[in-house]
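K.L.:
What follows is a structure written as structure tokens; I'll ask about it next.
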Amino acid sequence: MSFTSLMAVELGQKIKKREVAVKEAVEAVFSQIDRVEEKVHSFVTLDLEGALKAADEVQKRIDMGELTGPLAGVPVALKDNLCTKNMRTTCSSKILYNFKPGYSAQAVENLKSAGAIIIGKTNMDEFAMGSTTETSAFGATKNPWNLEHVPGGSSGGSCAAVAAEECFYALGSDTGGSIRQPSAFCGVTGIKPTYGTVSRYGLIAYGSSLDQIGPIAKDVTDCATILEIIASYDKKDSTSMKRKNMDFTSALTEDVRGMRIGIPRDYFGEGLNEEVKKAVLEAVKKLEELGAVVEEFDLGLVEYAIPAYYVIAGAEASSNLARFDGVKYGYRTKDDEELHKMYKKTRSEGFGTEAKRRIMLGSFVLSSGYYDAYYLKALRTKALIKQEFDKAFEKYDVLISPAAPTTAPKLGDSLDDPLKMYLGDIYTISANLAGIPGMTLPCGIDQSGLPIGVQLLGDCFQEKKIIRTAYALEQTRDYRRCPLAEQQEVRR
Numbered sequence: 003m004s005f006t007s008l009m010a011v012e013l014g015q016k017i018k019k020r021e022v023a024v025k026e027a028v029e030a031v032f033s034q035i036d037r038v039e040e041k042v043h044s045f046v047t048l049d050l051e052g053a054l055k056a057a058d059e060v061q062k063r064i065d066m067g068e069l070t071g072p073l074a075g076v077p078v079a080l081k082d083n084l085c086t087k088n089m090r091t092t093c094s095s096k097i098l099y100n101f102k103p104g105y106s107a108q109a110v111e112n113l114k115s116a117g118a119i120i121i122g123k124t125n126m127d128e129f130a131m132g133s134t135t136e137t138s139a140f141g142a143t144k145n146p147w148n149l150e151h152v153p154g155g156s157s158g159g160s161c162a163a164v165a166a167e168e169c170f171y172a173l174g175s176d177t178g179g180s181i182r183q184p185s186a187f188c189g190v191t192g193i194k195p196t197y198g199t200v201s202r203y204g205l206i207a208y209g210s211s212l213d214q215i216g217p218i219a220k221d222v223t224d225c226a227t228i229l230e231i232i233a234s235y236d237k238k239d240s241t242s243m244k245r246k247n248m249d250f251t252s253a254l255t256e257d258v259r260g261m262r263i264g265i266p267r268d269y270f271g272e273g274l275n276e277e278v279k280k281a282v283l284e285a286v287k288k289l290e291e292l293g294a295v296v297e298e299f300d301l302g303l304v305e306y307a308i309p310a311y312y313v314i315a316g317a318e319a320s321s322n323l324a325r326f327d328g329v330k331y332g333y334r335t336k337d338d339e340e341l342h343k344m345y346k347k348t349r350s351e352g353f354g355t356e357a358k359r360r361i362m363l364g365s366f367v368l369s370s371g372y373y374d375a376y377y378l379k380a381l382r383t384k385a386l387i388k389q390e391f392d393k394a395f396e397k398y399d400v401l402i403s404p405a406a407p408t409t410a411p412k413l414g415d416s417l418d419d420p421l422k423m424y425l426g427d428i429y430t431i432s433a434n435l436a437g438i439p440g441m442t443l444p445c446g447i448d449q450s451g452l453p454i455g456v457q458l459l460g461d462c463f464q465e466k467k468i469i470r471t472a473y474a475l476e477q478t479r480d481y482r483r484c485p486l487a488e489q490q491e492v493r494r
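So this is what it looks like as structure tokens:
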């Protein structure tokens, strides 16, 4: 077993016991990056010099007993929409190609305080608008399980980096499934916490009422540990929640006896791949064997989730992205003689096709005469979807479903049909509309050798229930390394 195949918490323990030096850990991941990054393209920016400097500083603090946390000294990658002081933060867009923030996101500050070593920024769909990591201005990321397939999105770079063992864990953001869907496609584990649990300060906004930062790692233990570190109240974020009992690692128990698990029939109908359906239902069966009480039920309004989401997200995106105009930072067209022409040309040249599509959609639904017809209706639908989940959680502790209708599609397939790409988020979007926590973990491999993910959903502030269920399920199968990581090990 290679050094980079360790789980993040395992490495943290070895560093604490002086079995591994922090600098060794950094050198190991950069060695792996040298071997596989050309194939996978997980990163937009890498910072070896900064990581080695931080490694020396963190090692001293560990040796002095100042840093005693479980992830002190462990290298981490950050999605490229998380502001990182003096490190390029582009949202994988030409319009922010040279932007270096003067501050870091609160979640990033929390990691640094815990002794994390930031190695770089991962590729993503431009401004998190996409489900394949193909809309990036810096080129597509490829799935480490099969380089002809997408890693999912928009946090595809983070998930691919974890799967390819280019980092021990990563942070992503989830607006409509952008942590959970690529985690499923890449065979790793990811959590979207309850809205407001992790500060959005420093997260470059796409859909402000939907965005949430979360961890991506190889297993449930790592994810729970990371979430404990990054979750905090932040007065700089008006949507940040004051929460108690955020000791998420206390839920790492195999005991699910008596837990009530609901299976939404609506998530197992038309459009669901048979191999995915079979793998998810096998995961349900394992939970039942462990003592959980499983029951099917009808979850209403599922068919309205996608149209409501794209209206709301588009509206918020058109507002949030209005600030990128070539004046204050980022890209500016060379033809800037007249102000309004400069705005128009800068935005036309700086934004990609998918970003433009969503900005125009959002501007349309917010325009006079259409605001009531589309945007207000979408907000009412959002409230009704939340009510349906509230009813479900009166009866069930956890809901279980597929993370996506299929395994990872081939590169190029989704770009040819944007509507098909949007429909691929059908199982994940509702959690963002309702503000509830969701988690994806591996539950099988299809005939093509691609990972299958199962999704667990919980009520607001009930992350512990989904972590408990996920941990119990995880104990029934071994973690599968992706072929690319295993090939690299053989070559050493």
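Heads up, the sequence shown is in our numbering, so the first residue is 3 and it goes up one at a time. All C-beta atoms, glycine included, are put in the ideal place defined by N, C-alpha and C.
#1: Measuring CA to CA, which of E26, G159, A74, V110 is closest to N88?
#2: Roughly how many angstroms separate the alpha carbons of F170 and K379, rounded to a whole number?
#3: If you draw a straight line from the C-alpha of A253 to the C-alpha of R482, how long is it?
#4: What number of angstroms, rounded off, separates the C-alpha of D507 from the C-alpha of T47?
#5: According to DSSP, is A79 helix, strand or coil?
#6: Can at least three beta-carbon pairs, one atom from the segment 48-58 and one from the segment 116-129, be found at a separation below 8 Å?
#7: Report yes or no: do the segment 327-342 and the segment 436-456 share at least 3 C-beta pairs separated by less than 8 Å?
#8: For R494 and P485, I'd like the C-alpha separation in whole angstroms.
#9: Is it buried or exposed, G426, if we count other Cβ atoms within 10 angstroms and call 16 or more buried?
#10: Note down, in chain order, each residue of its chain lying with its Cβ closer than 6 Å to the Cβ of V278, except the 5 sequence neighbours on either side.
#11: Classify M3 as buried or exposed, calling it buried when 16 or more other Cβ atoms lie within 10 Å of its own Cβ.
#12: Whose C-beta lies closer than 6 Å to the C-beta of D338 among residues of the same chain, with five residues either side of it excluded?
#13: Tell me where the beta strand (DSSP E) around T124 begins and ends.
#14: Report the partner residues of Q389 according to the DSSP bridge assignment.
#15: Does K96 come out as helix, strand or coil in the three-state DSSP assignment?
#16: Could you compute how far the alpha carbon of L113 sits from the alpha carbon of K346?
#17: For T549, I'd like the list of residues in its chain whose CB is within less than 6 Å of its CB, leaving aside the five on either flank, ordered along the chain.
#18: Anyone know if the C-beta pair for N145 and A162 falls short of 8 Å?
#19: If we call anything under 8 Å between Cβ atoms a contact, is L173 one with L84?
#20: Rounded to the nearest angstrom, what separates S320 and S185 at their Cα positions?
#21: Residues bridged to Q477 by DSSP?
#22: Would the beta-carbon of V28 fall within 8 Å of that of P72?
#23: In the DSSP assignment, what are the bridge partners of E297?
#24: Going by DSSP, what residue range makes up the beta strand (DSSP E) through Y171?
#25: Could you check what DSSP says for C462 in three-state terms: helix, strand or coil?
#26: Alpha carbons only, please: which of G446, T355, F326 is nearest the one belonging to S138?
#27: Taking buried to mean at least 16 other C-beta atoms within 10 Å of its own C-beta, is Q449 buried or exposed?
#28: Report buried or exposed for H43, applying the criterion of at least 16 other Cβ atoms within 10 angstroms of its Cβ.
#29: Apply the 10 Å Cβ neighbour rule to T199 and answer buried if 16 or more other Cβ atoms are within range, or exposed otherwise.
#30: Would you tell me roughly how many angstroms separate the C-alpha atoms of A436 and A410, rounded to the nearest one?
#31: Can you check DSSP and say which residues form a bridge with P444?
#32: Taking the alpha-carbon positions, what's the V492 to C462 distance?
#33: Taking the alpha-carbon positions, what's the K330 to E340 distance?
#34: In whole angstroms, give me the CA-to-CA distance for E284 and Y473.
#35: What residue range is occupied by the uninterrupted alpha helix (DSSP H) comprising L54?
#36: Exposed or buried, which one is T70 when buried takes at least 16 other CB atoms within 10 Å?
P.N.:
Let me lay it out:
#1: V110
#2: 43 Å
#3: 23 Å
#4: In this structure the chain extends from 3 to 494, so residue 507 is not present and cannot be described.
#5: strand
#6: yes
#7: no
#8: Reliability fails at R494, whose pLDDT of 35 lies under 50, so the model's placement of it is uncertain and the value that follows must be treated cautiously. Those two C-alpha atoms are separated by around 15 Å.
#9: buried
#10: P404, I454
#11: Only weak support is given to the placement of M3: the predicted model assigns it a pLDDT of 45, under 50, and the value that follows is read from those uncertain coordinates. Counting Cβ neighbours within 10 Å, M3 comes out exposed, since fewer than 16 surround it.
#12: M344
#13: 119-124
#14: Answer is none; Q389 lacks a bridge partner.
#15: helix
#16: 39 Å
#17: The requested residue 549 does not occur in the structure, where the chain is confined to residues 3 to 494.
#18: yes
#19: yes
#20: 28 Å
#21: Its beta-bridge partners do not exist; DSSP assigns none.
#22: no
#23: G264
#24: 171-176
#25: coil
#26: T355
#27: exposed
#28: buried
#29: buried
#30: 26 Å
#31: G455
#32: Low local confidence applies: a pLDDT of 43 at V492 is under 50, so the model's placement there is unreliable, with the coordinate-based value given in what follows. V492 and C462: Cα-Cα distance of roughly 45 Å.
#33: 16 Å
#34: 16 Å
#35: 50-65
#36: exposed
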